[in-house]
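Engineer: The sequence shown begins at 54 in the working numbering and counts up one residue at a time. We put the CB at the ideal spot given by N, CA and C, even for glycine. To start, I am sharing the structure in question, which I have written as structure tokens.
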Amino acid sequence: MAYGILDGMTIKIDKAGRIVLPKPVRERFHLREGSELELEERSDGLTLRPVEQRTSMVQEKGIWVHLGKVPRGFDWGSVVEAIRDERIKDASGI
54 MAYGILDGMT IKIDKAGRIV LPKPVRERFH LREGSELELE ERSDGLTLRP VEQRTSMVQE
114 KGIWVHLGKV PRGFDWGSVV EAIRDERIKD ASGI
């Protein structure tokens with residue numbers, strides 16, 4: 054597949070700040086409605102890159118690990134404390 058065809062192509066930003074990726078680019082990168090792109094700001098410009106789709110939970114050495122994004126303001130301390138309380142209750146038979 055020829056990749057140089059779109060080099061130098063100009064796209065515009067609309068009033069809402071949106072851009073439209075040309076259909077050949079969307080097809081080449083298997084992008085569709087709802088696909089996520091990562092935006093990287095660099096000294097020489099901007100880079101858009103498709104976000105790899107992967108499961109947010111994986112098992113590593115027998116332990117489930119969350120790889121997804123944590124919501125803003127998420128309080129890990131309260132989660133850990135709640136799990137500890139739950140385990141203490143289970144262990145003590147309460």
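So, with DSSP's three-state summary, where would you put residue 78?
Structural biologist: As a working mapping, residue 78 is identified with position 25 in the sequence shown. Correct three-state label for residue 78: helix.
Engineer: Starting from residue 134, trace the alpha helix (DSSP H) in both directions and tell me its first and last residue.
Structural biologist: Position 81 of the sequence shown holds residue 134. It spans 129–145 - the alpha helix (DSSP H) in which residue 134 sits, taken as one unbroken run.
Engineer: For residue 119, tell me which candidate among 111, 80 and 99 has the shortest Cα-Cα distance.
Structural biologist: Taking the first residue of the sequence shown as position 1, residue 119 is located at position 66. Among 111, 80 and 99, the Cα nearest to that of residue 119 is on 111.
Engineer: Could you tell me which of 138, 141, 66 and 73 sits nearest to residue 85, measuring between CA atoms?
Structural biologist: Position 32 of the sequence shown holds residue 85. That would be 73, whose Cα lies nearest to the Cα of residue 85.
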